[in-house]
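Numbering-wise (this note's numbering), the sequence shown opens with residue 179 and increments by one. Just so it is clear, CB atoms sit at the ideal spot from N, CA and C, and this is done for glycine as well. Quantities reported herein were computed from a predicted structural model and do not represent experimental measurements.
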Amino acid sequence: MIRVMVSGANGRMGREVLRALTQDPECEIVAAVDLKAAGEDIGEILGLGKAVGVRLEADLESAIREHKPQVMVDFTHPKAVVGNVMTALRNGVIPVVGTTGITEPDLAAIRSFCDEHRATCFICPNFSIGAVLMMRFAQEAARYLPHCEIIELHHDQKLDAPSGTALLTAKMVAAERNGQKQGHPDEEEKIPGARGAEYDGLRIHSVRLPGYVAHQEVIFGGVGQILTIRHDSLARESFMPGVVLACKKIIGRQGLVVGLDQLLGE
Ligand code: NAP
179 MIRVMVSGAN
189 GRMGREVLRA
199 LTQDPECEIV
209 AAVDLKAAGE
219 DIGEILGLGK
229 AVGVRLEADL
239 ESAIREHKPQ
249 VMVDFTHPKA
259 VVGNVMTALR
269 NGVIPVVGTT
279 GITEPDLAAI
289 RSFCDEHRAT
299 CFICPNFSIG
309 AVLMMRFAQE
319 AARYLPHCEI
329 IELHHDQKLD
339 APSGTALLTA
349 KMVAAERNGQ
359 KQGHPDEEEK
369 IPGARGAEYD
379 GLRIHSVRLP
389 GYVAHQEVIF
399 GGVGQILTIR
409 HDSLARESFM
419 PGVVLACKKI
429 IGRQGLVVGL
439 DQLLGE
């Protein structure tokens, strides 16, 4: 059994993670941490109608020391995640991180901590298999159709923009484009931001509306043709097989591992 702690356990994603882990025969939830509702049994949170003996706690470090998890799944807040990751790493726990908004300097710091201390960390901007394939196909398409823009669409409670998935997609596409310039050189924005955010010459547009879960289109333009690669996460359950797989496959790895594709097919 893999001893798993969930950080952000009372959030939208955290509750799904609790539900998914309780159904997996190889994983055991040993602790659940969240800022709100400390003290409730996770059975109440999930509406199971019975207590399961794991109560929400507010302090990550003391929960780690008391319950000794092997893995910490984190779906919290862009401002909290790096602190949580470092607390887990310092205490010998492997973070499996879904929280987005981690900056490149923070990633570099996590990587060097892992290298220096022979520790392990998994960071995954998107746990759904369809989104991983979307990114892989987009990278392939960019070799032949380098003119590209990304539209990502999420629910209106999302805190970071652009999404971690859009950023990772942009990075993967940019790696194939060799600094491709696109659009008219004299283009003028009549309202600042009209052309979206820029990543290495590639535009990213972020839509935030109630009703969406997590969606992305990667649009490639060529002479007389358009290729659109689209992925839709219609429910948060779409991320759960990836989260559970990561809890299992990350054990035995070393260093910072980024992206679900790194764990697939092993
Ligand atoms: P959410 O509903 O706001 O849940 C976050 C939870 O974490 C809240 O209960 C929050 O408590 C709690 N929290 C905040 N800081 C904490 C800390 N320091 N320690 C412990 N708990 C803390 O957000 P969500 O929709 O679940 O999304 C969470 C993150 O996952 C976001 O960054 C989102 O972009 C990301 N996400 C990733 C994927 C993926 O596949 N990688 C998929 C979907 C979402 P309060 O409410 O009291 O602040």
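Can you tell me the Cα-Cα spacing of residue i and residue j, whole angstroms?
i, j, result
"ALA297", "LEU387", "39 Å"
"LEU441", "LYS426", "10 Å"
"HIS325", "ALA353", "13 Å"
"ILE369", "GLU327", "19 Å"
"CYS292", "MET250", "15 Å"
"GLU239", "ALA266", "8 Å"
"GLN335", "GLY389", "11 Å"
"ASP202", "GLY270", "23 Å"
"GLN360", "PRO283", "28 Å"
"GLY371", "SER341", "16 Å"
"GLY221", "VAL421", "20 Å"
"GLN358", "ALA236", "48 Å"
"GLY443", "GLY430", "16 Å"
"GLU204", "ALA198", "11 Å"
"ALA339", "GLU376", "12 Å"
"ALA286", "ASN262", "16 Å"
"THR200", "HIS362", "53 Å"
"GLY227", "ARG268", "36 Å"
"GLY225", "MET264", "32 Å"
Ordered along the chain, which non-local residues of its own chain (more than five positions away) have a Cβ less than 7 Å from that of residue i?
i, result
"THR406", "GLU395, ILE397"
"VAL260", "ILE280, ASP284"
"GLU218", "ARG233, LEU234"
"GLN432", "ARG296, THR298"
Could you work out which residue in the options is closest to residue i when comparing CA atoms only?
i, options, result
"LYS214", "ILE329, GLU376, ILE223", "ILE223"
"GLU415", "ALA339, PHE305, GLN358, ARG431", "PHE305"
"LEU169", "VAL182, VAL391, ILE180, VAL436", "The chain is shown from 179 up to 444; residue 169 falls before or after that span and cannot be answered."
"VAL310", "ASP439, GLY443, MET179, ILE180", "ASP439"
"VAL195", "ALA413, ALA319, PRO283", "ALA413"
"ARG381", "THR347, GLY402, ARG408", "THR347"
"GLU206", "MET179, ASP237, GLU218, GLY189", "MET179"
"LYS349", "GLU366, GLU365, ASP378", "ASP378"
"MET312", "HIS295, THR343, ALA286, ALA339", "THR343"
"LEU423", "ARG268, VAL263, VAL274, ARG190", "VAL274"
"ALA210", "LEU226, GLY189, LEU323, GLN432", "GLY189"
"GLY399", "TYR322, THR200, GLY225", "TYR322"
Within a Cβ cutoff of 6 Å, which residues of the same chain sit near residue i, ignoring the five residues on either side of it in sequence?
i, result
"HIS383", "ILE329, GLY374"
"HIS393", "LEU331, ASP410"
"GLY192", "VAL184, GLY186, PHE253"
"LEU434", "ILE288, ARG289, CYS292, CYS299"
"GLU367", "ARG373"
"ARG408", "GLU395"
"ILE272", "VAL249, THR298, ILE428"
"ARG473", "No information on residue 473 is available, as it lies outside the stretch 179 to 444 that the chain covers here."
Who are the near neighbours of residue i in its chain, counting only those whose CB is closer than 8 Å to its CB and skipping five residues on each side?
i, result
"VAL445", "Any property of residue 445 remains undetermined from this structure, which presents the chain solely from 179 to 444."
"THR337", "Looking at the sequence provided, one finds Leu at residue 337 rather than Thr. So the qualifying residues of the chain are HIS255, PRO256, GLY279."
"GLU294", "none"
"PHE417", "MET191, GLU194, GLY276, ASN304, PHE305, SER306, SER411"
"VAL385", "ILE329, GLU330, LEU331, HIS332"
"GLU365", "ARG373"
Just confirm the distance between the C-beta atoms of residue i and residue j, as a whole number of angstroms; I'd bet it's less than 8 Å.
i, j, result
"CYS299", "GLY276", "Incorrect: roughly 13 Å between the Cβ atoms, too far for contact."
"ASP212", "ALA229", "Their Cβ separation, rounded to whole angstroms, is 17 Å, which puts ASP212 and ALA229 out of contact at 8 Å."
"ILE242", "PRO419", "No, ILE242 and PRO419 are not in contact; Cβ-Cβ is about 26 Å, not under 8 Å."
"ALA320", "ARG355", "6 Å"
"ALA258", "LEU234", "Contact doesn't hold; Cβ gap of about 16 Å is too wide."
"HIS333", "VAL391", "6 Å"
"VAL351", "GLN403", "Actually they do not touch by this definition, with Cβ atoms about 17 Å apart."
Do residue i and ligand 3 come close, with the Cβ less than 7 Å from some heavy atom?
i, result
"THR281", "With respect to ligand 3, the structure offers nothing, as its ligand set consists of ligand 1."
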